[in-house]
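Numbering-wise (my numbering), the sequence shown opens with residue 2 and increments by one.
Where a beta carbon is used, it is the ideal one built from N, C-alpha and C, also for glycine.
The structure displayed is predicted, hence computed values, not measured ones.
Read the structure below first, then the notes.
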Amino acid sequence: MANIVKYPQVQNKLFAEIKGVVAETEEEVEEEVLHKLPYLKAVILEGLRRHPPGHFLLPHAVTQDVVLGGRLVPKNGIVNFMVADLGWDPEVWEDPMAFKPERFLSGGGKCGGVEEAFDLTGSREIKMMPFGVGRRICPASGLAMLHLQYFVANLVWKFEWRAVDGDDVDLSEKPLVTVVMKNPLQAHLSSRVK
Ligand code: HEM
């Protein structure tokens with residue numbers, strides 16, 4: 002939501018996309034239409050890439066000696082995966098620190114591709130892993146994606162979000178159990194409901 006407030010063009014594009022599939026009189030964006038909103042999904046994916054709630058996975062361990070990139074990880078050795086850094090790798094992502102949902106849409110840049118084809122589970126390739134990958138992937142990743150899409154769609158459908166005058170939204174992060182905003186988002190909301 003902070004990026005949506007910071008970049009009004011993202012919010013306008015999102016609102017226009019929702020308006021294209023939801024009748025103006027509808028109070029709610031229903032779950033059934035979420036699959037018709039590729040830009041919404043791209044915004045959520047970009048949020049998870051740029052600001053993954055966990056900068057590390059749960060610690061994993063190897064059950065036998067493994068050589069990874071020329072280095073030995075000994076049996077029972079603990080491996081930590083640097084989730085945030087993976088999503089910010091300039092070798093993989095063009096202009097990685099910028100918030101550009103278009104990169105998840107067809108032809109949207111170095112990591113572009115048809116949005117539906119983006120492999121969040123990492124079963125084909127791993128470009129980011131906000132939910133982990135493989136056997137220990139977050140079992141609620143589908144539920145989390147559904148809720149993120151549903152809530153963001155409805156928050157933008159029902160309210161116009163504007164930054165507080167003179168306030169450049171500060172995206173600095175603070176690590177707690179998950180990573181949160183260092184300075185919580187402040188915004189002016191106006192109801193769009195007529
Ligand atoms: C945006 C929301 C969420 C994110 C980014 C997220 C991310 C993650 C990550 C990175 C892991 C560790 C994976 C690994 O170590 O390989 C994990 C594990 C887990 N998550 Fe989530 N999660 C989210 C929401 C949820 C929700 C809503 C639930 C429960 C309803 C949940 C339940 C779990 C459980 C039970 C595990 C442990 C799985 C295991 O160790 O086998 N997560 N999650």
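What does DSSP give as the partner residue(s) for residue i in the beta ladder?
i, result
"Leu-190", "Trp-162"
"Ala-3", "Answer is none; Ala-3 lacks a bridge partner."
"Ala-62", "Ile-79"
Where do the ends of the alpha helix (DSSP H) carrying residue i lie?
i, result
"Leu-46", "39-51"
"Leu-22", "Per the sequence shown, the amino acid found at residue 22 is Val instead of Leu. Run containing Val-22: 9-22, per the alpha helix (DSSP H) assignment."
"Val-84", "84-88"
Helix, strand or coil for residue i, going by three-state DSSP, please let me know.
i, result
"Ala-99", "coil"
"His-36", "helix"
"Phe-132", "coil"
"Phe-119", "coil"
"Ser-56", "In the sequence under discussion, the amino acid at residue 56 is His, which differs from the Ser named in the question. Coil."
"Leu-1", "This structure does not reach residue 1, given that the chain is present from 2 up to 195, and the question cannot be answered."
"Ala-141", "coil"
"Gly-114", "Any reading at Gly-114 needs caution, since the residue's pLDDT is 45, under 50, leaving its predicted position unreliable; the model's value is listed next. Three-state DSSP puts Gly-114 in coil, outside helix and strand."
"Thr-26", "coil"
"Leu-93", "Leu is not the amino acid found at residue 93; the sequence shown has Val there. Coil, per DSSP."
"Arg-125", "coil"
"Glu-31", "coil"
"Val-170", "coil"
"Leu-106", "coil"
"Phe-152", "helix"
On the DSSP letters alone, give me the boundaries of the beta strand (DSSP E) that residue i sits inside.
i, result
"Met-182", "180-182"
"Lys-76", "No beta strand (DSSP E) holds Lys-76; DSSP gives it neither H nor E."
"Val-68", "67-69"
"Pro-176", "174-176"
Output yes or no for whether 8 Å exceeds the beta carbon distance between residue i and residue j.
i, j, result
"Val-80", "His-61", "yes"
"Asn-155", "Val-30", "yes"
"Glu-47", "Phe-100", "yes"
"Ala-216", "Val-6", "This structure cannot speak to residue 216, because the chain is shown only from 2 to 195."
"Leu-1", "Leu-35", "This structure cannot speak to residue 1, because the chain is shown only from 2 to 195."
Residues proximal to the ligand HEM by C-beta, any heavy atom closer than 5 Å: Pro-54, Gly-55, Leu-58, Leu-59, Pro-131, Phe-132, Gly-133, Arg-137, Cys-139, Ala-141 and Ala-145
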